[in-house]
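Residue numbers (full-length UniProt numbering), protein chains in the order written: chain V, 1 to 344; chain C, 1 to 344. C-beta: ideal position from N, C-alpha, C; glycine also. Beneath this line is the structure, given in structure tokens, with notes to follow.
Protein chains: 2
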Amino acid sequence: MTDTPMGTPRWVLGVDSGGSGLRVALAPVPGARSTADDSRTDLAESRADTAVSRQPVRTGPDGIDAGHLMEQLVPMAKALLDEAGGGAVKAVAVGAAGMATLGDDLRARLPEALAEAFGVRRLALAADAVTAYAGALGQRPGAVVAAGTGMIALGTEGRTWHRADGWGHLLGDCGGGAWIGRAGLDAALRDHDGRRGGSAALRARAEAFFDGPVSELPAKLYPRTDRPAVLASFVPEVAGCAAEDPVAAGILQAAAVHIADTAAAVCPPETDCEVALTGGLFGIGDPLVVPLKEELAVQLPRARAVPAEGNPLEGAVVLATALALDALALPCDGRLLHVPDAKD
Amino acid sequence: MTDTPMGTPRWVLGVDSGGSGLRVALAPVPGARSTADDSRTDLAESRADTAVSRQPVRTGPDGIDAGHLMEQLVPMAKALLDEAGGGAVKAVAVGAAGMATLGDDLRARLPEALAEAFGVRRLALAADAVTAYAGALGQRPGAVVAAGTGMIALGTEGRTWHRADGWGHLLGDCGGGAWIGRAGLDAALRDHDGRRGGSAALRARAEAFFDGPVSELPAKLYPRTDRPAVLASFVPEVAGCAAEDPVAAGILQAAAVHIADTAAAVCPPETDCEVALTGGLFGIGDPLVVPLKEELAVQLPRARAVPAEGNPLEGAVVLATALALDALALPCDGRLLHVPDAKD
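If you want it as structure tokens, here you go:
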């Protein structure tokens, strides 16, 4: 890192690619004597500038399309750099949904493309669960539960990643947004049919929310391509009647048990281990978080539930900063977190 | 019915349209003194000739395409009639998956089209659940559970239809084939992750059945358009290890409870009411049927589980025969069972 003239501003880029688009953050590299943990503090002070594209990166036959990602990333990052007064990009971290299984094109083409565009040779390619982890806990050991429409948990003691669930709405994501929404609509239809387990309150909410009798739900749901998101859109309604409706409360209790199962499967064995909850699902608050903390206390008495320090984009900045400082401490396994041979 | 010369053979057509294609049966009208119940006996003696097309009838913007159905039905029915030596078709019953919600084109165009093709003016248009009912119980009151990839129950005391579930793999079909298969794969992935509720036996079967590690299941399942059928294809594996594996046995026990819930919601209140189980799912036999009969005894002590007498195609013949004999006794509600004004 002696090729940058003294006084030239030094930056890192964090990138978060997901179903809602591409987000980019430019953050200064902390002073040479900073540690990776200090960089966490810098982030908390929001020194990063960010840009957002609402166009999700395309997925083609080779997986996530590196060319389409670069087309969006380069102008966004150059604009951020210009606004910040210019300087050198020392490291980039790209977090992407589907990186482990759909990241071949990114792993093959991004190192050269980023070297050409920014002269940067330090690069980390991470699954979105890894950037969620780094955003929530930095580089400390622990476990992170990331829950939105889906649900995945990732834990590490520092040597390897332990992953649980994240298998999608038909094979898992147990306790996630699509799971809870589906259970709520199941209870609404049970009430319609006169089957056991029905909830008149959830039926009334479903009829108001989806604007029509529940018998029309199949015709509204199945033609959609974003079915998991449609199911998850019903979560606030389930949470909204949990205080009065025992069926809704039972659904959130069952979700809490599934989420705790998943956290327990990845949590390192150390006592006083941190477990962070991150992702939009926890925005519903107490109706889910209270039973979840109770269940974590039962299943993981050694663990301590903590708030997530930051989001996945901030996690990408944590990874890039750690790379820039030669201080990456999270496990690199080539799939969840891939760091091509560093050259600088 | 005096316009057919004495001695001319008189026939009915039963039609069953579903995801696997179109099936047509030609059966003789029983003698004038026969009752609808006698016609049941004729069917049991397999006097119907059948033809099968493997091409499912197309669904367009107006629902199930009446023109595409007629294109296939007319040559098949005329060939059956020719083989049988000719004669007059007195009534037709068409059962179709999705008839209630997707049957507008059929209700609008089939009466005239069938009158033109066969000179027949007696027509019944039925949901596949109704033909399943008529195949299983004839025109007697009771309840029928039809389970394959999906799951629906239909019951009647003779005046109205009571329907429960059949809402598809994301909203219901609780205890059906896709539900059981999905639960089995969930248990396989729980074992992979080290989550509670996992089954090593189901994981081993999933790896053998889907030819690879369970972590590859999402990439195999989600790109498919026939996801419910893929899930249901795993049912025999769940059944196959239920004797040794408590997780698999628990899945089938839970399915039995859901199926009994659904039957209980539609079963008429009469004592000694018949409940028939029909559809491919029950082909797995005791691992599901034994706990289901136990659960029915608990939830519906007044009911008597009976074998289905025939399949949905035979049910269509029951309906057509009843029409031909002016003896239709099942409820006509315009959606589940629609009989345009009879003219002869």
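Any idea what DSSP makes of residue i, helix, strand or coil?
i: residue 157 of chain V; result: coil
i: residue 286 of chain V; result: helix
i: residue 14 of chain C; result: strand
i: residue 7 of chain C; result: coil
i: residue 49 of chain C; result: strand
i: residue 281 of chain C; result: helix
i: residue 111 of chain C; result: helix
i: residue 335 of chain C; result: coil
i: residue 302 of chain V; result: coil
i: residue 137 of chain C; result: helix
i: residue 130 of chain V; result: helix
i: residue 30 of chain V; result: coil
i: residue 315 of chain C; result: helix
i: residue 124 of chain V; result: strand
i: residue 307 of chain V; result: strand
i: residue 25 of chain C; result: strand
i: residue 320 of chain V; result: helix
i: residue 54 of chain V; result: coil
Which value, in whole angstroms, describes the spacing of the CA atoms of residue i and residue j?
i: residue 328 of chain V; j: residue 98 of chain V; result: 22 Å
i: residue 79 of chain V; j: residue 22 of chain V; result: 15 Å
i: residue 239 of chain V; j: residue 117 of chain C; result: 57 Å
i: residue 308 of chain C; j: residue 277 of chain C; result: 6 Å
i: residue 13 of chain C; j: residue 161 of chain C; result: 24 Å
i: residue 68 of chain C; j: residue 50 of chain C; result: 19 Å
i: residue 225 of chain V; j: residue 228 of chain C; result: 15 Å
i: residue 33 of chain C; j: residue 121 of chain C; result: A caution first: residue 33 of chain C carries a pLDDT of 42, below 50, which makes its placement in the model unreliable, though a value can still be read off. Approximately 22 Å, taken between the alpha carbons.
i: residue 222 of chain C; j: residue 258 of chain C; result: 26 Å
i: residue 115 of chain V; j: residue 262 of chain V; result: 39 Å
i: residue 77 of chain V; j: residue 119 of chain V; result: 13 Å
i: residue 283 of chain V; j: residue 25 of chain V; result: 23 Å
i: residue 195 of chain C; j: residue 204 of chain C; result: 16 Å
i: residue 288 of chain V; j: residue 16 of chain C; result: 47 Å
i: residue 65 of chain C; j: residue 151 of chain C; result: 24 Å
i: residue 87 of chain V; j: residue 310 of chain V; result: 26 Å
i: residue 158 of chain C; j: residue 126 of chain C; result: 16 Å
i: residue 185 of chain V; j: residue 156 of chain V; result: 36 Å
i: residue 10 of chain V; j: residue 189 of chain C; result: 44 Å
i: residue 72 of chain V; j: residue 20 of chain C; result: 45 Å
i: residue 230 of chain V; j: residue 236 of chain V; result: 12 Å
i: residue 52 of chain V; j: residue 314 of chain V; result: 13 Å
i: residue 18 of chain C; j: residue 312 of chain C; result: 10 Å
i: residue 123 of chain C; j: residue 193 of chain V; result: 29 Å
i: residue 332 of chain C; j: residue 100 of chain V; result: 55 Å
Go ahead and label residue i buried or exposed: buried means 16 or more other beta carbons lie within 10 angstroms of its beta carbon, across all protein chains shown.
i: residue 182 of chain V; result: buried
i: residue 268 of chain C; result: buried
i: residue 213 of chain V; result: exposed
i: residue 208 of chain V; result: exposed
i: residue 55 of chain V; result: exposed
i: residue 281 of chain C; result: buried
i: residue 31 of chain V; result: exposed
i: residue 148 of chain V; result: buried
i: residue 8 of chain V; result: exposed
i: residue 82 of chain C; result: exposed
i: residue 29 of chain V; result: buried
i: residue 348 of chain C; result: This structure cannot speak to residue 348 of chain C, because chain C is shown only from 1 to 344.
i: residue 199 of chain V; result: buried
i: residue 285 of chain C; result: exposed
i: residue 177 of chain C; result: buried
i: residue 326 of chain C; result: exposed
With respect to 7 Å, is the separation between the Cβ of residue i and the closest non-hydrogen atom of the ligand ADP below this value?
i: residue 111 of chain V; result: Looking for the ligand ADP in the displayed structure turns up nothing, as the structure carries no ligands at all.
### Message
Tell me whether the region 79-94 of chain V and the region 307-322 of chain V touch, counting them as touching only if at least three CB pairs, one residue from each stretch, are closer than 8 Å.
### Response
The region 79-94 of chain V is in contact with the region 307-322 of chain V.
### Message
Using 8 Å as the cut-off, can you tell me whether the region 212-220 of chain V makes contact with the region 158-173 of chain V, which would need three or more C-beta pairs spanning the two stretches below that distance?
### Response
The way I'd put it, the region 212-220 of chain V doesn't touch the region 158-173 of chain V; fewer than three beta-carbon pairs between them come closer than 8 Å.
### Task
Decide yes or no for the touch test of the region 139-151 of chain V against the region 173-183 of chain C: beta carbon pairs closer than 8 Å, at least 3 of them.
Verdict: no, contact absent.
### Task
Taking only runs that begin and end inside the region 212-275 of chain V, name each unbroken alpha helix (DSSP H) of 4 or more residues, in chain order.
The region 212-275 of chain V contains these whole alpha helix (DSSP H) runs: 217-221, 227-232, 235-240 and 246-266.
### Task
Please determine if the region 265-285 of chain C and the region 297-307 of chain C are in contact, where contact requires at least 3 C-beta pairs separated by less than 8 Å.
As far as the Cβ criterion goes, the region 265-285 of chain C touches the region 297-307 of chain C, which means the pair count is three or higher.
#### Entry: Minimum length 3: unbroken beta strand (DSSP E) runs contained in the region 57-105 of chain V
Entirely contained in the region 57-105 of chain V, the beta strand (DSSP E) runs reaching 3 residues are, in chain order, 88-96.
### Query
Are the region 128-136 of chain V and the region 237-244 of chain V touching by the rule of at least three beta carbon pairs closer than 8 Å?
The region 128-136 of chain V vs the region 237-244 of chain V: no contact.
### Task
Kindly confirm or deny that the region 245-263 of chain C and the region 121-131 of chain C touch, where touching means at least three C-beta pairs closer than 8 Å.
In the pairwise beta carbon analysis, the region 245-263 of chain C is classified as not touching the region 121-131 of chain C: fewer than three pairs are separated by under 8 Å.
### Message
Can you confirm whether the region 96-112 of chain V touches the region 330-343 of chain V when touching is taken to mean that 3 or more C-beta pairs between the two stretches lie within less than 8 Å?
### Response
Yes, the region 330-343 of chain V touches the region 96-112 of chain V.
### Query
Can you give, in chain order, each stretch of the alpha helix (DSSP H) that sits fully within the region 141-202 of chain C and has at least 4 residues?
Contiguous alpha helix (DSSP H) elements confined to the region 141-202 of chain C occur at 177-193, taking only those with 4 or more residues.
### Where the region 261-275 of chain C meets chain D: residues whose CB sits under 9 Å from a CB there
As a matter of chain content, chain D is missing from the structure shown, whose protein chains are V and C.
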